[in-house]
Amino acid sequence: NPSKFTAWGVFKGILATLKKLYGSASIKGKTIAIQGMGSVSHYLIEHLFWQGADIIISDIDETKLKKFSNVAKIVKTEDIHKQKCDIFVPSAIGGTINDETIKDLQCKAICGAANNQLLEDRHAQALKDKNILYAPDFVVNAGGLINVSFELDFDGYCPIKSRNKIDNIYTSILEIFKIAEQNDITTNEAAIKLAQFKMKSGIGRRADKLYFHHTKEND
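For the sequence shown, my numbering gives the first residue as 3, with consecutive numbering after it.
Shown next as structure tokens:
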């Protein structure tokens, strides 16, 4: 089931995002608002609950919410993005981060499982302008795809290897945040540049600091 691995990657992304926000990856007492209660969210809630998070959830299918009514606050689908929270987790359809929803956001960061969360690329800049930290979806939700790659391994499938590789999402997200901050670009731009750099130089073999533009730290 790839959902387990996707959820683990999202969880690691959330930890990295909290680390950037607060200097600590502790989830205890943090408010996490999850939009969409598909299978990925089911596994994610378990990780969040046992780490002490305060959880808010929504879904258009109310039957999916009943299972978690004793561990999470349930709100209307149209209100989930308006919740005051540490991290908003879009895990339903794409395009939920747009001109209308950005105006209502009260989160400090966004880190979710849904594909194509930004309706348009320019919304990454809109989030930056609003000082909302955005963990790029195509990095955060890569756990399922990573697991599939290990299922195709000629040496046979090893879930431990898959999990360990997915753990790297944590460091990748932190690296993306650092690149974005140092170069005053969006996290989406930073993620793309990091991917391009790794493709050229070889994943995991970089020793030097990575800068894409002139910054004060280079002086």
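Glycine included, every Cβ here is placed at the ideal spot set by N, Cα and C.
Per-residue burial, residue i [other beta carbons within 10 Å of its own, 16 or more giving buried]
{"i": "I62", "result": "exposed"}
{"i": "T65", "result": "exposed"}
{"i": "H215", "result": "In this prediction, H215 scores a pLDDT of 41, lower than 50, which makes its location untrustworthy; the coordinate-derived value is nonetheless stated afterwards. Burial call: exposed."}
{"i": "K14", "result": "buried"}
{"i": "M201", "result": "exposed"}
{"i": "Q37", "result": "buried"}
{"i": "F70", "result": "buried"}
{"i": "C160", "result": "exposed"}
{"i": "W10", "result": "buried"}
{"i": "D123", "result": "exposed"}
{"i": "T103", "result": "buried"}
{"i": "K105", "result": "exposed"}
Residue range of the unbroken beta strand (DSSP E) whose run includes residue i
{"i": "S60", "result": "D56 to S60"}
{"i": "K75", "result": "A74 to I76"}
{"i": "Q37", "result": "T33 to Q37"}
For residue i, the three-state DSSP class (helix, strand or coil)
{"i": "L135", "result": "strand"}
{"i": "L67", "result": "coil"}
{"i": "I89", "result": "strand"}
{"i": "Q225", "result": "Since the first residue shown for the chain is 3 and the last is 221, residue 225 is missing from the structure and cannot be characterised."}
{"i": "D155", "result": "coil"}
{"i": "T173", "result": "helix"}
{"i": "I178", "result": "helix"}
{"i": "S28", "result": "coil"}
{"i": "T189", "result": "helix"}
{"i": "S203", "result": "helix"}
Residue-level contact to chain B via CB, residue i, 7 Å cutoff
{"i": "N190", "result": "Absent from the structure is chain B; it holds one protein chain and no more."}
Extent of the continuous alpha helix (DSSP H) run through residue i
{"i": "I82", "result": "Note, I82: premise wrong, no alpha helix (DSSP H); not H, not E."}
{"i": "T19", "result": "P4 to Y24"}
{"i": "S41", "result": "S41 to W52"}
Rounded Cβ spacing between residue i and residue j (contact assumed at less than 8 Å)
{"i": "V91", "j": "I34", "result": "6 Å"}
{"i": "C113", "j": "T19", "result": "5 Å"}
{"i": "G146", "j": "T8", "result": "4 Å"}
{"i": "A126", "j": "N190", "result": "4 Å"}
{"i": "V12", "j": "V141", "result": "Contact doesn't hold; Cβ gap of about 10 Å is too wide."}
{"i": "I58", "j": "Q85", "result": "5 Å"}
Those runs of the alpha helix (DSSP H) which lie wholly inside the stretch 93 to 148 and span at least 4 residues: 101 to 106, 124 to 131 and 139 to 142
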